[in-house]
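A short write-up of the structure that comes next.
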Amino acid sequence: MSYALAVKNDDALLTALREATESNSAAANEFVRKHQKFVYSTALRYLKSSDDAYDATQEVFIKALKSIKNFRGESSITTWLYRITQNVCSGMKRKEKVRHFVGLDVIEEIEPDHSITPAQATENNDFKVRFETLLAQLPDKQRETFMMRYFDELSYEEISQTLGTSVGGLKANYFQAVKKLAHLLKEEKK
Amino acid sequence: MAIYSDTSNAASPPAGAPLLRREELEALLPDFAFGELSESDAARVDASLPAFPDLQAELTLIQESFADIEGEIEILERTNAQRLRNLGVHVQERLREENARSKRRWQWFRILIPSLAAAAILAVVVMPNRLSDALRERLGIAAGAKTNETALDLKPEEIEQIRAIPEPNALQSGLLDADAGVNDKALADAMNTSFSTQETTMASKMLRKETMKALANNTSAFHGYFDNSADMQNISDEDVANVAAALTEM
């Protein structure tokens, strides 16, 4: 039975994972694939480095898969993963501070992405920096709401559970964030 | 999420549906701009917008600004997706590695625990004898005098017998104190006192009991040492020396 084809929702996925043995890696793969975009982008927002975010994402899924049998479903999977991501990223930041303090920083090696031309990569990196500068001008709550809704494509209900804000408040935050970004993009274009 | 959606072909609002208030319209505007609303909601937004020209202008600005960066955002998302394409495989590899490491650690414990148990039994058998010899020497009892070597715990009636020894009796007051351990003052006082054979046997038992407690404490420390060791497969010479030292202390 292929879990990749059969598993459609989190409940079914959780059941498959709880019954999982080492041989049942398809359910784990499906779980990772389903939530990786959200976990990675959350980690990237915290750590500001794609390599660190990738490492953090791996760590989050390892922790999640190890403790999935203890997950009681009191919150949504997204909320649970968000908390694990926050913990992992905070831990990494603390270690980074220590590493920086004792001078163990290394130069980050960037793996080339062959699906994108060098010109695109440069342009893309420029855009990334530009867009992050614009995002940094938003208040924290608006930025987090915008990223979760626009990039992670979470529903308002999922964001509400994760951030602990009412759906009405989130919609207002999202409107303000989108409006402000539109104005900033317009100014930048001039 | 779609960056830009042409909303000019939105369906008509349901007949009789009330127009949206300003704050309701604001709450729906971004999703409307990015084509994320249901047909009926989109139709309601479309029908309500003419009443709010400033929001109409905001909508136009949002759609134009985000349409300008649509291509760049797509590349950014593609880059991220590319980076994450093997994440599941990497996670599984690391899980397998961690499971294997955990199994190796258990294998070590399967060797270590019986070894510790054997060391503990040896210590229990040998050390109380040594201590009881020392005690006999200090109390002036002839070597080879018969004592109960095998009893490790005092029975309630034995404790009562010790308690029943008439005062002043330093062994009774000192050694029956749970926190006293081996009480030097009690022993010193005891050396100046005459004891019956029963009293010295009881004293010997008490000392062995204290030795057992000390041994149990050392064993915990010994376990703690290994719990902190990062990789049981790579125990250094220093680790071995520490283990040897701990065993000697036991």
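Residue numbers (this note's numbering), protein chains in the order written: chain A, 221 to 410; chain B, 720 to 969. Glycine residues also receive a C-beta, built at the ideal position from the N, C-alpha and C atoms.
Given that a residue counts as buried once 16 or more other Cβ atoms are within 10 Å of its Cβ, and exposed if not, what is Lys391 (chain A)? buried
In angstroms, rounded to a whole number, what distance separates the CA positions of Asp272 (chain A) and Phe258 (chain A)? 15 Å
Extract the residue ranges of the alpha helix (DSSP H) inside the segment 793 to 847 of chain B, only unbroken runs of 4 or more that lie entirely within it. none
Helix, strand or coil, according to DSSP, for Arg303 (chain A) in the structure here? helix
If the cut is a Cβ gap below 7 Å, which residues of chain B does Arg253 (chain A) touch? Gly807
Three-state secondary structure assigned by DSSP to Lys410 (chain A): coil
So is Ala236 (chain A) buried or exposed if we call it buried at 16+ other beta carbons inside 10 Å? buried
Could you tell me the distance, in whole angstroms, from the CA atom of Glu793 (chain B) to the CA atom of Glu316 (chain A)? 31 Å
Among the candidates B:Ala776, B:Pro833, B:Asp787 and B:Leu738, whose CA atom is the shortest distance from the CA of Ala762 (chain B)? B:Leu738
Between Gln278 (chain A) and chain B, is any beta-carbon pair separated by less than 8 Å? yes
To which residues of the same chain is Thr298 (chain A) closer than 8 Å at the C-beta, ignoring the five residues directly before and after it? His255, Phe258, Leu374, Glu378, Gln381 and Thr382
What does the alpha-carbon distance come out to for the pair Phe395 (chain A) and Leu405 (chain A)? 15 Å
Ordered along the chain, which non-local residues of its own chain (more than five positions away) have a Cβ less than 7 Å from that of Ala284 (chain A)? Leu301 and Ile304
Is DSSP giving Phe251 (chain A) helix, strand or coil here? helix
Measuring CB atoms only, is the segment 793 to 805 of chain B touching the segment 772 to 785 of chain B, in the sense that at least three cross pairs come out at less than 8 Å? no
Just to make sure I have the definition right: I need the residues of chain E whose C-beta is within less than 9 Å of the C-beta of Ile781 (chain B). Which are they? Of the protein chains in this structure, namely A and B, none is chain E.
Quick check: the Cα distance between Ala232 (chain A) and Val280 (chain A), rounded to an integer number of angstroms? 21 Å
Round the Cβ separation of Asn393 (chain A) and Thr365 (chain A) to the nearest angstrom and send it over; I've been treating them as touching at under 8 Å. 4 Å
Cα separation between Leu768 (chain B) and Phe751 (chain B)? 11 Å
Where Val360 (chain A) falls, given that 16 or more other Cβ within 10 Å makes a residue buried: Checking the sequence, you will find Asp at residue 360 (chain A) rather than Val. The residue is exposed, with fewer than 16 neighbouring Cβ atoms inside 10 Å.
Apply the 10 Å Cβ neighbour rule to Val349 (chain A) and answer buried if 16 or more other Cβ atoms are within range, or exposed otherwise. exposed
How many whole angstroms separate the CB atoms of Ala397 (chain A) and Gln357 (chain A), which I take to be in contact at a CB cut-off of 8 Å? Not quite, the Cβ-Cβ distance comes to about 10 Å (not below 8 Å), so this is no contact.
Which word fits Ser981 (chain B), buried or exposed, when buried means at least 16 other C-beta atoms lie within 10 angstroms of its C-beta? This structure leaves residue 981 (chain B) out entirely; chain B is present only between 720 and 969.
Segment limits, alpha helix (DSSP H) that includes Ser767 (chain B): Glu758 to Ser767
What did DSSP end up calling Glu294 (chain A) once you bin it into helix, strand or coil? coil
Determine whether the Cβ of Ile282 (chain A) lies closer than 8 Å to any Cβ atom of chain B. yes
Using CA atoms only, rank isn't needed, just tell me which of B:Ile840, B:Glu812 and B:Ala838 is closest to Ile282 (chain A). B:Glu812
Is the shortest distance between the beta-carbon of Ile840 (chain B) and the beta-carbons of chain A less than 8 Å? no
Can you find a C-beta in chain A that's less than 8 Å from the C-beta of Asp787 (chain B)? yes
In the DSSP assignment, find the unbroken alpha helix (DSSP H) run with Phe281 (chain A) in it and report its ends. Ser270 to Ser287
CB of Ala276 (chain A) within 8 Å of CB of Val252 (chain A), strictly: no
Asp787 (chain B): first and last residue of the uninterrupted alpha helix (DSSP H) it sits in: Pro772 to Asp787
Any C-beta of chain A under 8 Å from that of Asp738 (chain B): A small correction: the amino acid at residue 738 (chain B) is Leu; Asp does not occupy that position in the sequence shown. Cβ-Cβ to chain A under 8 Å: no for Leu738 (chain B).
Please say whether Tyr260 (chain A) and Asn799 (chain B) have beta carbons closer to each other than 8 Å? yes
Name the residues in the segment 791 to 815 of chain B whose C-beta lies less than 9 Å from a C-beta of chain A; which are they? Glu791, Ile792, Ile794, Leu795, Glu796, Arg797, Thr798, Asn799, Ala800, Gln801, Arg802, Leu803, Leu806, Gly807, Val808, His809, Val810, Gln811, Arg813, Leu814 and Arg815
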